[in-house]
Amino acid sequence: MKALIFILNDADLLQPLLDELKNAGVRGCTIFDTSGMGRELAYKTPDAFSMIFGAGKKSMQQSSSKTLMMVVSEEKIPSILDAIERIVGSLDEPGSGIAFTYSLDMVKGLKL
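Numbers given in the numbering used here equal positions in the sequence shown, counted from 1, plus 347.
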């Protein structure tokens, strides 16, 4: 089993993303309101330094991003990443989001 974490930069895309994840077989995920370094710097000190981190006007107006955490079987990861990119666009593009996984040694309370 793997934990798949996805940081969604555009919180307006949350509902369509959840619908797409459900269609891809994700049975549940935990969603956190989060904020990154660039966004915090842009909000508190909107200077050229904060722009280096990619925090533009949109992110200054947007109070937070969303971080989705899900436990999935390793076989589902490619289809989940495809579902994410159908909604947010290529993760190779700046500002679309960040996805990563890590292995889980033990999970209780969840059946996949």
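Backbone N, C-alpha and C define an ideal beta-carbon position, used for all residues, glycine too.
- Ala358 sits in a helix when the DSSP states are folded into three classes.
- Per DSSP, the unbroken alpha helix (DSSP H) holding Ser426 starts and ends at Ile424 to Val435.
- Excluding residues up to 5 positions away in sequence, Ile434 and Val435 lie with their Cβ nearer than 8 Å to the Cβ of Leu360 in the same chain.
- Between Ser426 and Ala371, the CB-CB gap stays under 7 Å.
- The Cβ atoms of Ile431 and Phe353 sit closer than 7 Å to each other.
- Contact between Val419 and Val454 fails: their C-beta atoms lie close to 11 Å from each other, not under 8 Å.
- Distance from the CA of Ala358 to the CA of Thr377, rounded to the nearest whole angstrom, comes to 14 Å.
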